[in-house]
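Numbering (my numbering), first residue to last: -3 to 323.
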């Protein structure tokens, strides 16, 4: 079973969504409509919560999840968690607001929208020219506008005076094609305002991770010191070196073999972490003769086996099957 940190994953995913066009477009259009998103205030002026507020909430819940794992998880799970967090904090999109990615998303969106706009204009112009009046009249022709005489006193007066039944206009409405709409392009004049929203999210994320990393490293240091002090109390006791089972398999091959045993129900230990810690203490591969097998790497290899590793074990498994069949 792979190690999963749900709230950490959600916080990272939704923070990075601010580098994607859907979120960029939503905020930039609001800024263009002169609606202020207050990034330094809990009140945004909207009736519903804004996305940046939701993401801040997800990051706070991530903080709670990290604290929880510091209490209930073993050292392997904690090491995996904080290695993951450190890799994300060092990602270029979290180190600072990476404007090139945002600008690239805006450019691709604007280019696509403008191309669609040109196609629509071309289509509408063809429809306009297909009207019979377009070919019937020339530019600035006088076009008759017919008025009915109508009833009542005005109608009687028109008929009595024999006034003309129509007038002329030089309004060239049959020949002049008017574009009455604009493409919804994103105005980069509001880029700085949007960047301030993203910066708030990034800074909050880094603050949480830096705080938790500091606590984690301090805790590890205290535990190590305690182990040293405890070992000094028993310094006169002879140390007994535990013997390890040696195998010709690589770490990845051994990990997949144990994953098969677990899936078949032969090994009933529930978590990969427990299996990995046992392997680290009691097994030795050709490349780990003078060191321990990494329990973290072994757990990851069990959860996510490589296809080449799987194929490399097929001949071995077939050989074992043949030997069992001949017994």
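The C-beta atom is built at its ideal place from N, Cα and C for all residues, glycine as well.
Given a cut-off of 7 Å on the beta-carbon distance, is the pair residue 62 and residue 208 in contact? yes
Specify the secondary structure class of residue 14 as computed by DSSP and reduced to three states. helix
With H, G and I counted as helix, E and B as strand and the rest as coil, what does DSSP make of residue 242? strand
Span of the alpha helix (DSSP H) around residue 89: 88 to 91
How close, in whole Å, do the beta carbons of residue 89 and residue 97 come, if the pair is a contact with beta carbons under 8 Å? 7 Å
Is DSSP giving residue 113 helix, strand or coil here? helix
DSSP state of residue 37 mapped onto helix, strand, coil: Caution applies to residue 37, whose pLDDT of 40 falls short of 50 and renders its modelled position unreliable; the model cannot decide the point.
Counting only beta-carbon atoms, is residue 323 nearer than 7 Å to chain D? Going by chain labels, chain D is absent from the structure shown, which holds only one protein chain.
Cα separation between residue 5 and residue 288? 30 Å
Taking the alpha-carbon of residue 82 as reference, which of 52, 8, 177 has the nearest alpha-carbon? 8
Please list, in chain order, all residues of the same chain as residue 70 whose beta carbon is under 7 Å from its beta carbon, the five residues on each side excluded. 269
Grab me the residues of residue 94's own chain with a C-beta within less than 8 Å of its C-beta, minus the 5 sequence neighbours each way, in chain order. 15, 88
Just how far apart, CA to CA, sit residue 172 and residue 23? 37 Å
So which of 112, 120, 248 has the shortest CA-CA distance to residue 352? The requested residue 352 is not part of the displayed model; the chain covers only -3 to 323.
Measuring alpha carbon to alpha carbon, tell me which residue in 275, 122, 54, 322 is nearest residue 242. 275
Span of the alpha helix (DSSP H) holding residue 365? What the structure shows of the chain is the stretch from -3 to 323, and residue 365 is not part of that stretch, so it cannot be assessed.
Quick check on residue 273: buried or exposed, where buried means 16 or more other Cβ atoms within 10 Å of its Cβ? buried
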